[in-house]
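For the sequence shown, the working numbering assigns the number 265 to the initial residue and increments by one for each residue that follows. First comes the structure, then the notes that go with it.
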Amino acid sequence: MTDFAKVSGAALVALGLLGCTPQNTGNLVSANQAQGAQSVSFGEIIGAQPVQVQGGNKTAEVVGTLAGGLAGGLLGNEVGGGLGQDIATVAGATAGAAAGNRGAGAATTVQSTQWTVRLDDGRTIAVIQAEPVFSMGQRVQVIQSADGTTRLLP
265 MTDFAKVSGA
275 ALVALGLLGC
285 TPQNTGNLVS
295 ANQAQGAQSV
305 SFGEIIGAQP
315 VQVQGGNKTA
325 EVVGTLAGGL
335 AGGLLGNEVG
345 GGLGQDIATV
355 AGATAGAAAG
365 NRGAGAATTV
375 QSTQWTVRLD
385 DGRTIAVIQA
395 EPVFSMGQRV
405 QVIQSADGTT
415 RLLP
């Protein structure tokens with residue numbers, strides 16, 4: 265097996281695993297939110313709009329960029345010889361890095377929903393969250409952490 269095939273296979277496996285990042289849900293909290301006081305408000309769902317949440321996984325973007333750059337550089341190194349080979353290697357690495365970064369962004373894109381909530385105090389807010397799914401008019405808890413993270417629960 266060629267070096268190019270080995271690196272390409274490893275890059276595809278890495279990108280596939282990075283695509284397994286969890287979706288944003290009301291039932292998933294980060295470790296720094298556990299056992300911290302959070303404010304709770306109540307409101308009613310008055311709107312829903314599908315959205316896509318893209319990227320945000322810096323590790324995936326770095327791995328994708330590096331793997332793509334390495335694979336592109338190896339492929340470019342197979343072209344010609346001398347100065348032409350050097351130029352092809354650099355061009356391949358640059359193009360591969362860009363493609364790897366885009367691929368990582370696409371792999372970490374998830375479908376979600378922007379929920380519009382009319383709070384009991386009269387304010388209206390919007391929260392992007394994939395799960396749970398709510399119905400129009402449904403009463404919800406709006407939970408806000410000190411860091412500004414907001415989630416909705418029935």
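The beta carbon of each residue, even a glycine, is placed where N, CA and C say it ideally should be. In this text, all values refer to a predicted model and were calculated from it rather than measured experimentally.
Going by C-alpha positions, residue 411 is about 36 Å away from residue 333. Here residue 360 is buried, its C-beta having at least 16 other C-beta atoms within 10 Å.
Shortest Cα-Cα distance from residue 396 to any of 384, 405, 363 involves 405. DSSP lists 406 as the beta-bridge partner residues of residue 305. Non-local beta-carbon contacts of residue 391 in its own chain, meaning distances under 8 Å to residues more than five positions away in sequence, involve 378, 379, 381, 406, 414, 415, 416 in chain order. Each residue's CA atom was taken as its position, placing residue 387 and residue 403 some 15 Å apart.
In the structure shown, the three-state DSSP call for residue 393 is coil. Beta-carbon to beta-carbon, residue 376 and residue 394 are separated by about 4 Å, close enough to satisfy the 8 Å threshold. Under the three-state reduction of DSSP, residue 377 is assigned to strand. Between residue 316 and residue 345, the alpha-carbon positions lie close to 45 Å from each other. When the Cα atoms are used, residue 304 and residue 362 turn out to be separated by approximately 43 Å.
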